[in-house]
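The opening residue of the sequence shown carries number 315 in the working numbering; numbering runs sequentially from there.
Single-structure report; data block below.
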Amino acid sequence: MREPSILKRLGDWSMVAASFGLVLFAATALRPPHPAMSPVTTTPTTPVVITAAR
Numbered sequence: 315m316r317e318p319s320i321l322k323r324l325g326d327w328s329m330v331a332a333s334f335g336l337v338l339f340a341a342t343a344l345r346p347p348h349p350a351m352s353p354v355t356t357t358p359t360t361p362v363v364i365t366a367a368r
């Protein structure tokens, strides 16, 4: 009986992951001159991903 809730939760997490991936892709594609001043860096993992992408 738990399968629908688990599937719904996985769907929600996939949507969150997809939106987060789009934000990261936009941040790396636009590449502002001052990444530290960009509002995207408010998430804890974004600076690590940006520095790893360089």
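Just so you know, even glycine gets a beta-carbon here, dropped at the ideal spot from N, CA and C.
Residue environment, residue i, which counts as buried when at least 16 other CB atoms sit within 10 Å
i       : result
Ala-341 : buried
Span separating the alpha-carbon of residue i from that of residue j
i       : j       : result
Leu-321 : Met-329 : 12 Å
Leu-338 : Pro-318 : 30 Å
Gly-335 : Leu-324 : 16 Å
Proximity test, residue i beta-carbon vs the ligand GTP heavy atom, cut-off 7 Å
i       : result
Gly-335 : What this structure holds is no ligand at all, so the ligand GTP is not there to describe.
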